[in-house]
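Heads up: the structure comes next, in structure tokens.
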Amino acid sequence: WSWDQYLEEEKAAMAPVRLFTEEQSLPQNRNGFKAGMRLEGIDPLHPSMFCVLSVAEVIGYRLRLHFDGYPECYDFWVNADSPDIRPAGWCETTGRKLHPPKGSKDEEFSWEQYEQTCDILVAPKTLFKKQTPSISSFQVSMKLEAVDRKNPCLVCVASVADVIDHRFLVHFDNWDDTYDYWCDPSSPHVHPVGWCQERGRPLTAPQGYPSPETFRWEEYLEDTGGTAVPSHAFSLRAPHRFLQNMKLEAVDKRNPMLIRVATIVDAEDYRVKVHFDGWPPKFDFWVDPDHPDLHPAGWCARTGHPLETPPRPSDLKPSSNQGVCPTPGCRGVGHIKGARYTGHHSAFGCPYSEINMKKELTLPDRLGSEKQAVSTTAATAQKAKGPGGTEAEEKPITQPAKYLKIKEEEEDIDVQSLLRGNYLSRPSGWVR
Numbered sequence: 152w153s154w155d156q157y158l159e160e161e162k163a164a165m166a167p168v169r170l171f172t173e174e175q176s177l178p179q180n181r182n183g184f185k186a187g188m189r190l191e192g193i194d195p196l197h198p199s200m201f202c203v204l205s206v207a208e209v210i211g212y213r214l215r216l217h218f219d220g221y222p223e224c225y226d227f228w229v230n231a232d233s234p235d236i237r238p239a240g241w242c243e244t245t246g247r248k249l250h251p252p253k254g255s256k257d258e259e260f261s262w263e264q265y266e267q268t269c270d271i272l273v274a275p276k277t278l279f280k281k282q283t284p285s286i287s288s289f290q291v292s293m294k295l296e297a298v299d300r301k302n303p304c305l306v307c308v309a310s311v312a313d314v315i316d317h318r319f320l321v322h323f324d325n326w327d328d329t330y331d332y333w334c335d336p337s338s339p340h341v342h343p344v345g346w347c348q349e350r351g352r353p354l355t356a357p358q359g360y361p362s363p364e365t366f367r368w369e370e371y372l373e374d375t376g377g378t379a380v381p382s383h384a385f386s387l388r389a390p391h392r393f394l395q396n397m398k399l400e401a402v403d404k405r406n407p408m409l410i411r412v413a414t415i416v417d418a419e420d421y422r423v424k425v426h427f428d429g430w431p432p433k434f435d436f437w438v439d440p441d442h443p444d445l446h447p448a449g450w451c452a453r454t455g456h457p458l459e460t461p462p463r464p465s466d467l468k469p470s471s472n473q474g475v476c477p478t479p480g481c482r483g484v485g486h487i488k489g490a491r492y493t494g495h496h497s498a499f500g501c502p503y504s505e506i507n508m509k510k511e512l513t514l515p516d517r518l519g520s521e522k523q524a525v526s527t528t529a530a531t532a533q534k535a536k537g538p539g540g541t542e543a544e545e546k547p548i549t550q551p552a553k554y555l556k557i558k559e560e561e562e563d564i565d566v567q568s569l570l571r572g573n574y575l576s577r578p579s580g581w582v583r
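Shown next as structure tokens:
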């Protein structure tokens with residue numbers, strides 16, 4: 152399979168490399184990380200937290216990271232040059248709290264003792280991308296207005312919770328950190344105080360705020376002793392230039408160990424809709440155009456990562472063979488429970504099966520009782536009004552975990568040979 156031949160057959164064009172960000176484009180160095188190395192990194196489900204992580208797997212220029220002491224179902228993937236990972240000791244150097252492995256007490260953990268006791272290897276500092284320090288007008292505790300990424304119709308009262316290099320952490324006042332997200336001053340999701348009022352849009356007040364319909368920034372800043380992020384600190388980026396029908400490579404959201412041939416099937420100023428070639432439209436998804444899981448055509452080949460090519464028409468016919476996943480197009484790679492299993496042979500474990508498409512698998516909070524739940528006293532707070540004046544989706548309150556249980560499968564199939572195919576002989580790292 153080759154991109155050139157595929158583009159000719161489809162009479163299509165690949166997305167030009169110039170449209171991708173540096174983090175999405177071909178890396179300039181090798182991936183030197185090895186399985187077992189330790190580091191510090193941001194928990195994607197709790198973006199305010201830096202945790203002790205280990206490299207569980209290396210494929211091409213990507214890493215599967217594991218929270219030390221926790222089940223593999225919470226593992227996640229990043230690129231080797233991700234700004235979300237840092238060398239051991241970074242939190243101590245920068246005065247940030249590091250969440251240790253499960254069972255360790257915060258005040259007792261030290262990297263030196265951890266290395267000696269557990270005989271581990273920390274990742275050398277030279278493997279991490281050098282971050283360029285920058286002067287930011289954003290400071291911790293400053294106030295702004297920000298889009299709720301989980302409920303995009305809402306613009307909410309927010310604060311700057313952290314600042315690292317050119318990025319800052321958005322936190323929604325009186326909500327837990329599961330809604331937080333990192334961005335930079337050019338993001339279309341953040342705005343200065345007063346932005347909603349100037350445009351006649353509703354602003355969602357902090358949870359539990361008395362009389363949210365009469366919220367006024369002047370009173371809130373005075374009551375909280377806060378200051379607003381200066382308007383000049385925001386620098387809205389230009390809309391992306393991706394066009395419909397452009398081809399690229401994209402990480403499969405439902406099965407993030409895989410990268411697939413993809414097409415942009417729709418586009419708005421600040422997001423694109425991605426379709427996996429040969430797959431039904433139900434797997435399409437909207438994503439920010441600068442998301443690190445999007446790459447130019449050829450990225451996989453250059454970095455030594457397997458590329459999942461479009462399924463053939465015969466692959467999309469249901470299979471009745473025993474021991475083979477019955478979902479059309481699925482080769483049995485990956486599992487709905489994440490990295491706990493490397494493969495599956497039934498619809499119960501298939502990330503693409505109808506029974507799992509109709510459900511949203513929600514894992515219990517990794518921290519469980521370690522994390523104090525947000526008070527439920529505001530559960531009856533008035534729902535925010537959406538742009539059309541209708542009631543928008545109310546943010547859930549963190550409660551003891553009640554989650555959907557997918558039928559247990561006692562299977563642990565080694566399908567790495569299926570995944571990698573003839574890539575097993577390729578070096579793990581950048582290939583010129």
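So for the sequence shown, this note's numbering puts the first residue at 152; every next one is plus one. Where is the CB? At the ideal position from N, CA and C, for every residue including glycine.
By how many angstroms is the C-alpha of residue j removed from the C-alpha of residue i?
i, j, result
"tyrosine 265", "glycine 211", "28 Å"
"alanine 98", "alanine 274", "In this structure the chain extends from 152 to 583, so residue 98 is not present and cannot be described."
"lysine 553", "arginine 517", "Low per-residue confidence applies at lysine 553: pLDDT is 25, beneath 50, and the placement is therefore not dependable enough to give any value."
"proline 252", "phenylalanine 393", "42 Å"
"asparagine 396", "histidine 322", "36 Å"
"arginine 213", "cysteine 202", "19 Å"
"phenylalanine 608", "phenylalanine 319", "Any question about residue 608 goes unanswered here, given that the chain covers just 152 to 583."
"arginine 304", "proline 353", "The question names arginine, yet the displayed sequence has cysteine at residue 304. Going from the Cα of cysteine 304 to the Cα of proline 353 covers about 10 Å."
"proline 477", "threonine 244", "52 Å"
"arginine 577", "glycine 449", "Bear in mind that a pLDDT of 33 at arginine 577, under 50, signals an unreliable position, so the number given afterwards is only what the model happens to contain. Those two C-alpha atoms are separated by around 15 Å."
"methionine 293", "phenylalanine 184", "37 Å"
"phenylalanine 289", "alanine 309", "13 Å"
"serine 362", "lysine 256", "41 Å"
"glycine 220", "alanine 186", "16 Å"
"arginine 285", "valine 291", "The sequence as given places serine at residue 285; arginine does not occur at that position. Each residue's Cα considered, the two are about 15 Å apart."
"threonine 268", "phenylalanine 260", "11 Å"
"glutamate 505", "glycine 429", "17 Å"
"tryptophan 368", "methionine 200", "29 Å"
"serine 153", "glutamate 173", "24 Å"
"tryptophan 326", "tyrosine 360", "12 Å"
"proline 431", "proline 462", "11 Å"
Could you tell me if residue i is buried or exposed, where buried requires 16 or more neighbouring beta carbons within 10 angstroms of its beta carbon?
i, result
"serine 386", "exposed"
"tryptophan 262", "buried"
"alanine 164", "exposed"
"asparagine 230", "buried"
"glycine 351", "exposed"
"aspartate 466", "exposed"
"valine 341", "buried"
"alanine 166", "buried"
"glutamine 358", "buried"
"asparagine 182", "buried"
"lysine 534", "At lysine 534 the pLDDT is 33, less than 50, meaning the model places this residue with poor confidence; the figure from the coordinates comes in the next sentence. Exposed, by the Cβ-count rule."
"lysine 488", "buried"
What is the C-beta distance between residue i and residue j, in whole angstroms, given that I count them as a contact (C-beta under 8 Å)?
i, j, result
"valine 344", "alanine 379", "4 Å"
"isoleucine 271", "arginine 189", "5 Å"
"threonine 355", "valine 311", "The pair is not a contact, with the Cβ atoms about 18 Å apart (cut-off 8 Å)."
"proline 336", "alanine 384", "6 Å"
"isoleucine 415", "valine 425", "6 Å"
"glutamate 191", "tryptophan 241", "5 Å"
"glycine 485", "asparagine 406", "4 Å"
Can you check whether the CB of residue j is closer than 8 Å to the CB of residue i?
i, j, result
"proline 584", "serine 233", "The structure shown does not extend to residue 584, since the chain is modelled only from 152 through 583, so no value can be given for it."
"histidine 446", "glutamine 175", "yes"
"leucine 601", "valine 209", "Because the chain is modelled from 152 through 583, residue 601 falls outside the range shown and cannot be assessed."
"serine 287", "histidine 250", "no"
"phenylalanine 436", "lysine 404", "yes"
"leucine 492", "glycine 480", "Residue identity check: residue 492 is tyrosine in the sequence provided, not leucine. No, the Cβ-Cβ distance between tyrosine 492 and glycine 480 is not below 8 Å."
"alanine 490", "aspartate 226", "yes"
"aspartate 299", "tyrosine 330", "yes"
"tyrosine 332", "proline 440", "no"
"leucine 170", "histidine 391", "yes"
"valine 412", "threonine 460", "yes"
Would you mind reading off the limits of the beta strand (DSSP E) that contains residue i?
i, result
"tryptophan 437", "436-438"
"tryptophan 326", "No beta strand (DSSP E) holds tryptophan 326; DSSP gives it neither H nor E."
"tryptophan 333", "332-334"
"leucine 458", "From DSSP, leucine 458 is part of no beta strand (DSSP E); its letter is neither H nor E."
"threonine 414", "410-419"
"leucine 399", "397-402"
"aspartate 194", "188-194"
"alanine 207", "197-210"
"tryptophan 228", "227-230"
"cysteine 307", "306-315"
"arginine 422", "422-427"
In the DSSP assignment, find the unbroken alpha helix (DSSP H) run with residue i in it and report its ends.
i, result
"aspartate 374", "368-375"
"methionine 508", "505-508"
"threonine 268", "262-269"
"aspartate 155", "154-161"
"alanine 452", "450-454"
Compute every distance between the C-beta of residue i and the non-hydrogen atoms of the ligand SAM, then say whether any falls below 7 Å.
i, result
"tyrosine 503", "Among the ligands in the structure shown, none appear at all, so the ligand SAM cannot be discussed."
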